[in-house]
Amino acid sequence: MTKYVFVTGGVVSGLGKGITASSLALLLKARGYKVFMQKFDPYFNVDPGTMNPIQHGEVFVTYDGCETDLDLGHYERFIDEELNYTSNITSGKIYKSVIEKERHGDYLGATVQLVPHITNEIKNKVYEAGITSKADIVITEIGGTVGDIESQAFIETLRQIQYEKGSENTCFVHTTLIPYIFGSNELKTKPTQNSVKDLQNMGIRPNFLVCRTPYATGDSIKEKLSLFCNLPKENIIDCVDTNNIYEIPLNMHRQRIDELVLKQFNLKENKANLAEWENLIHTMNNLNNEVEIALVGKYVELHDAYISVAESLRHAGFKYKTKVNINYINSESLEKDNVNLKEIFKNSRGILVPGGFGNRGIDGKIKAIKYARENNIPFLGICLGMQLAVIEFARNVCGIDDANSTEFEPTTSEPIIDLMSDQKSVINMGGTLRLGNYNCKLEKNTLAYKDYKQDNIKERHRHRYEFNNKYMDLLKEKGMVFSGINEESNLVEIIELPKHKHFIACQFHPEFKSRPTRPHPLFDSFVHEAIKK
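Numbering (numbering that gives the first Met the number 0), first residue to last: 0 to 532.
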């Protein structure tokens, strides 16, 4: 029978529930168990696809085309497993499903209520994750904070699952804050006590506390928490602040959380194989070189908007024992007439232009691409970054002055980037992009083929506009190579400039498939070129 772990948060948001859940999943996988992960978000958006990245961070995309919360990126990077549509459920998705069933008559005229209809729908999503993944253990993170009115339906559902499945098949991990009070110079447990009391008032007694703390709490604090929160002292885990999130699983392992969870589940406590992760941490703590990469984006106010891109750059750096320092540049700041690009990029050994939507900051990104091309600086363009690289080349090399995208200029006379024919009738914004895995055939004797070392690849997409093939021959004549094509729909996936030191751009999002122990080939190649002397 599948076992279920539920990770909740208390006191404040942003404590690292996702990292806690990911770390536990990594440890259980290291002990030989098949683990699957899931995130419940209490907001009423059906998915994060239409949410502003500056408010919510990046939208992560699964291989099957589900637009999800950025925490799923942490999950995949930690456990190196591909997640799917069952992995990110929002209140919006739950209520939408229930309302559609009611309209369809599925409830046979019953009065539709929070309990049991909404809670049953949530339960179905939990159980579906276990069934479809065939996992030994499903770890589900509940977004928000205990006490939030938005998440009460989820907490009530967990209470019901605990009753249905029994304590030997369910485990509750509550993440909480132990604040340090300056002046009295002590850690305070009262916020945690109150948070646990709130959870208990809803019918759930946590089995573990993971305490975010500036330093180790010590026996006296743990004894107090054990007494007032009604759980064994050994089940109170310190999550000490660290600059390196990848160290957290090892810190938790030293406190035996994985062993104790398996004990509760009456599962065999196989020895954990953490050699690869330990080698990674050793490498990260002994980086002997540094390189700066410029990331030119329009959502740089919140670095989480590009978290997978940033992590992918760092993954590649680990391979070469190099610390990658990211210079976040607001593309709008490059649009001023008197901007000195040479000064802005003086320390950057590579320039990356990531994805995005809308026309704000576009001219600044095009300036950065032109600067990289003309000054032979290693360049990587992703999604919108590829489209703008094509527009820049068309304007400044091919002489097509009006080259543009119909996303920015619907009436442009030179639609280098345009909607696919089947997209032109789309009205809704959410979930209507080209999403998830698509095939890509690589041309031999190209940089892309050299990076991937294979003919056919699958990569994850999130975009609506495409390169207009009517311009392909003209751009080829001027030196652009179309090195990756989706043969099913004849869409361009990768472009490059072979006369340049390293200039490559892709329509897909390679950052979603990068792992700390296995950097994505395009990031690997880009960072390697940037650190060359």
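Glycine included, each C-beta is placed from N, C-alpha and C at the ideal position.
Euclidean distance between Cα positions of residue i and residue j
i	j	result
Leu25	Glu277	12 Å
Leu521	Leu312	10 Å
Gly430	Phe227	Unreliable placement is indicated for Gly430, whose pLDDT of 47 sits below 50; the coordinate value is still reported in the next sentence. Approximately 46 Å between the Cα atoms of the pair.
Asn51	Asp303	12 Å
Glu442	Asn243	39 Å
Gln151	Val195	15 Å
Asp450	Ala371	20 Å
Tyr470	Ile415	7 Å
Glu99	Glu528	52 Å
Asn193	Asp218	20 Å
Arg433	Met251	39 Å
Val352	Gly17	27 Å
His508	Arg459	6 Å
Leu474	Ser90	47 Å
Val260	Glu167	10 Å
Phe39	Thr139	7 Å
Thr19	His55	20 Å
Ile494	Arg253	47 Å
Val111	Ile121	14 Å
Cys397	Ser482	19 Å
Pro518	Glu275	14 Å
Asn539	Tyr437	Summary: the structure shown does not reach residue 539, with the chain confined to residues 0 through 532, and so no result is reported for it.
Lys440	Thr188	57 Å
Glu476	Gln506	21 Å
Thr411	Ile399	12 Å
Ile180	Thr241	19 Å
Leu176	Pro190	7 Å
Val308	Ser347	16 Å
Cβ neighbour criterion (16 or more within 10 Å) applied to residue i
i	result
Arg211	buried
Leu14	buried
Val114	exposed
Pro409	exposed
Met479	buried
Thr131	exposed
Ala109	exposed
Arg461	buried
Pro213	exposed
Met36	buried
His103	exposed
Tyr162	exposed
Val11	exposed
Leu107	exposed
Glu342	exposed
Phe466	buried
Simplified DSSP assignment, three categories, for residue i
i	result
Met471	helix
Lys349	Lys is not the amino acid found at residue 349; the sequence shown has Gly there. Reduced to three states, the DSSP call for Gly349 is strand.
Leu176	strand
Phe522	helix
Asn455	strand
Ser482	strand
Asp197	helix
Glu264	The sequence shown places Phe at residue 264, not Glu. It is coil, neither helix nor strand.
Gln254	coil
Leu71	helix
Gln37	strand
Arg76	helix
Thr85	helix
Val4	strand
Val290	strand
Leu107	coil
Leu274	Note that residue 274 is Ala in the sequence shown, not Leu. In the structure shown, Ala274 sits in a helix (DSSP, three-state: H, G or I).
Val209	strand
Gly357	coil
Leu490	strand
His501	coil
Asp240	coil
Leu224	helix
*What are the complete alpha helix (DSSP H) segments, minimum 4 residues, inside the stretch 301-330?*
306-318, all fully within the stretch 301-330.
*Which ranges does the beta strand (DSSP E) cover as unbroken runs of at least 3 residues, wholly within the stretch 368-451, from first to last along the chain?*
Segments of the beta strand (DSSP E) lying fully in the stretch 368-451: 378-381, 402-404, 413-418, 433-441.
*Does the count of Cβ pairs from the stretch 199-206 and the stretch 219-238 closer than 8 Å reach three?*
Flag = yes, the stretch 199-206 and the stretch 219-238 touch.
*asked:* Check whether the stretch 327-342 and the stretch 288-303 touch, using three or more Cβ-Cβ pairs below 8 Å as the test.
replied: The stretch 327-342 and the stretch 288-303 touch, with no fewer than 3 CB-CB distances between them shorter than 8 Å.
*State whether the stretch 482-496 contacts the stretch 359-367, with contact taken as three or more CB pairs (one from each stretch) at a distance under 8 Å.*
No: fewer than three Cβ pairs fall under 8 Å.
*Counting pairs of Cβ atoms below 8 Å between the stretch 260-271 and the stretch 282-295, do you hit three or more?*
No, the stretch 260-271 does not touch the stretch 282-295.
_Restricting to runs no shorter than 4 residues, where is the alpha helix (DSSP H) found entirely within the stretch 126-184?_
Complete alpha helix (DSSP H) runs here, min 4: 151-164.
_Quick check for students: name the residue ranges of the alpha helix (DSSP H) that lie wholly in the stretch 15-67, counting only runs of 4 or more._
Entirely contained in the stretch 15-67, the alpha helix (DSSP H) runs reaching 4 residues are, in chain order, 16-29, 52-55.
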